[in-house]
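Undergrad: Have a look at this one before I ask anything.
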Amino acid sequence: GAVVSQHPSWVICKSGTSVKIECRSLDFQATTMFWYRQFPKQSLMLMATSNEGSKATYEQGVEKDKFLINHASLTLSTLTVTSAHPEDSSFYICSARLGTNEKLFFGSGTQLSVL
Amino acid sequence: KQEVTQIPAALSVPEGENLVLNCSFTDSAIYNLQWFRQDPGKGLTSLLLIQSSQREQTSGRLNASLDKSSGRSTLYIAASQPGDSATYLCAVRGMDSSYKLIFGSGTRLLVRP
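Protein sequences appear in the order of chains A and B.
Okay, so the first sequence: first residue is 29 according to our numbering, each after it adds one.
Okay, so the second sequence: first residue is 9 according to our numbering, each after it adds one.
Structure follows, in structure tokens:
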């Protein structure tokens, strides 16, 4: 099946620094990628949808200047958490859609801890 | 606004039991519904996808049903095994073209040996 690779799997950073998370589709071209965040024992909340070569569409309440999304190629999307603060600590997961396939393929997630 | 609810939030059963996980959604205008498995600190694995026109899907010991009119879906796991221990999430896709999924908060399942 299709594989989505997400790196890093975990990161610890100081407050005020920026963190970049990568999401790669390894064996297919992802027309659309989605970024979610998940707090402990809670569900996934969609943050933004990104299509290759265009600006990401952010969900209501998600600060686009804080969570920068770049989808420069059909196999790579990045999420940069700028000036991270402790309240940004969360589990971030990306997913990718293959063509018109209904199924989404998920990365393994990134646990971000901001001190 | 679509809301997805999963009951129970947690479930502990002895190995070998058959069990049912429930998912309900407030807006019946869905395109499809998916069940996912999530292991601790990991991403999601798609288990079953049911299109809005379908009533159920089966894969091995898993069977998912969909009653769109009542806004409900169930995931049936037969002969549960300790390896089934994980969080199970259901998610619905709306009728728009965005492919966005709305997730429930999940059921944490523990199958005791």
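Backbone N, C-alpha and C fix where the C-beta goes; we use that ideal spot for every residue, glycine too.
(1) Looking at the strands, I want to know which residues DSSP matches up with A:F134.
(2) Assign A:R65 to buried or exposed, taking buried as 16 or more other Cβ atoms, counted over all protein chains shown, within 10 Å of its Cβ.
(3) Can you give the Cα-Cα distance for B:S106 and A:Q88, rounded to whole angstroms?
(4) Is the Cβ of A:K92 closer than 9 Å to any Cβ of chain B?
(5) Grab the span of the beta strand (DSSP E) containing A:K48 for me, first residue to last.
(6) Count Cβ pairs between the segment 13-30 of chain B and the segment 87-104 of chain A that sit closer than 8 Å; are there 3 or more?
(7) Give me the Cβ distance between A:S123 and A:M61, rounded to the nearest whole Å; I'm assuming they're in contact under 8 Å.
(8) How about the segment 13-20 of chain B and the segment 130-138 of chain A: do they share at least three Cβ pairs that are nearer than 8 Å?
(9) Identify, in the order they occur along the chain, each residue of the same chain with its Cβ nearer than 8 Å to the Cβ of A:Q70, setting aside the five sequence neighbours on each side.
(10) Specify, as a first and last residue, the run of the beta strand (DSSP E) that B:D75 falls within.
(11) Throw me the rounded Cβ distance for the A:K94 and A:T106 pair, which I believe falls under 8 Å.
(12) Using a Cβ-Cβ distance under 9 Å, would A:G137 count as near chain B?
(13) Spell out the partners DSSP gives B:P22 in its beta bridges.
TA: The relevant details are as follows:
(1) Start at 1 with the first residue of the first sequence, and residue 134 of chain A comes out as number 106. Its beta-bridge partners are A:S123.
(2) Position 37 of the first sequence, counted from the start, is the residue given in the question as residue 65 of chain A. Classification for A:R65: buried.
(3) In the second sequence, counting from the first residue as 1, residue 106 of chain B sits at position 98. In the first sequence, counting from the first residue as 1, residue 88 of chain A sits at position 60. Approximately 15 Å, taken between the alpha carbons.
(4) Walking along the first sequence from the start, residue 92 of chain A turns up at place 64. Chain B, which has no Cβ nearer than 9 Å to the Cβ of A:K92, makes this no.
(5) The residue given as residue 48 of chain A occupies position 20 in the first sequence. Segment V47 to S53, the beta strand (DSSP E) holding A:K48.
(6) no
(7) Mapped onto the first sequence, residue 123 of chain A falls at position 95. Mapped onto the first sequence, residue 61 of chain A falls at position 33. Rounded, the Cβ-Cβ distance is 7 Å, consistent with contact.
(8) no
(9) Counted from its first residue, the first sequence places residue 70 of chain A at position 42. Hits under 8 Å: none found.
(10) Locating residue 75 of chain B in the second sequence gives position 67, counting from the first residue. B:D75 -> beta strand (DSSP E) spans L70 to D75.
(11) Along the first sequence, read from residue 1 onward, the residue named residue 94 of chain A stands at position 66. Along the first sequence, read from residue 1 onward, the residue named residue 106 of chain A stands at position 78. Going by Cβ atoms, the distance from A:K94 to A:T106 rounds to 14 Å, so no, they are not a contact pair.
(12) Here residue 137 of chain A corresponds to residue number 109 of the first sequence, with the count starting at 1. Closer than 9 Å to some Cβ of chain B, the Cβ of A:G137 qualifies, so yes.
(13) Indexing the second sequence from 1 puts residue 22 of chain B at position 14. DSSP output for B:P22 lists B:R120 as bridge partner(s).
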